[in-house]
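Peer 1:
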């Protein structure tokens, strides 16, 4: 298995632009997590899904952020409009519900908003 | 609410010496505890976990951790450090309820000097 796949690996955009980050989970993993990592705040959980349904979005910072999981093989995290304070590394991680929760992380997307 | 504390931002150790990276946690009930490692520009990689049973857990790359319920600690250890162990280490916790999200500590940077 290729592991968790994230794209793009790097994104540089200007303030006000829409940004879409993508994640492909490991096949058969039915939980998907989106995290954000910054120097100031460390690793924060933004939202997680189970069987494509959002379970907890309490970590989503504001309405500019939205996440979807239209099917078991794909999830997106969208920021519209983007702001410089959104600059961070965004990670996707997945688990299978039958496991004891070892999360498998993707390589991350480094977002820079100018 | 659950939380994790990693009291040291950085740990410095000489190659060949034993290393300890500290972690304490707070959670309702019995915990699941994890250690992850992050190398530069990479996602988090699973090292080891405590679910139940033996308090001493052995993981990847010669690392081990000891669960201490009375001290609510889960310190990461290795008998002999390698320069290649230099990385960022995260402790994480979740409770044994249905909520599957992990809470991560702030991370400890391990620097192993030759």
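Residue numbers (this note's numbering), protein chains in the order written: chain A, 889 to 1002; chain B, 32 to 145.
The beta-carbon is built from N, C-alpha and C at its ideal position, and this holds for glycine as well.
Keep in mind the model is a prediction, meaning the values are calculated, not measured.
1) Any residues in the stretch 90-121 of chain B with a beta carbon nearer than 9 angstroms to a beta carbon of chain A? Which ones, in chain order?
2) Residue 996/A by DSSP, collapsed to three states: which one?
3) 9 angstroms is my cut-off, CB to CB: does residue 138/B come that close to chain A?
4) With a threshold of 16 other CB atoms inside 10 Å of the CB of residue 974/A, please say whether the residue is buried or exposed.
5) List the endpoints of the continuous beta strand (DSSP E) containing residue 55/B.
6) Nearest CA to the CA of residue 123/B: which residue from 137/B, 130/B and 60/B?
7) Three or more beta-carbon pairs under 8 angstroms between the stretch 890-897 of chain A and the stretch 906-915 of chain A, yes or no?
8) Counting Cβ pairs, one atom from each stretch, are 3 or more of them under 8 angstroms apart for the stretch 103-115 of chain B and the stretch 54-68 of chain B?
9) Going by DSSP, what residue range makes up the beta strand (DSSP E) through residue 930/A?
10) Once DSSP output is grouped into helix, strand and coil, what is the label at residue 140/B?
11) Using a cut-off of 9 angstroms between C-beta atoms, extract the partners of residue 979/A located in chain B.
Peer 2: Taking the coordinates as given:
1) 121
2) coil
3) yes
4) buried
5) 55-57
6) 137/B
7) yes
8) yes
9) 930-938
10) strand
11) 74 and 75
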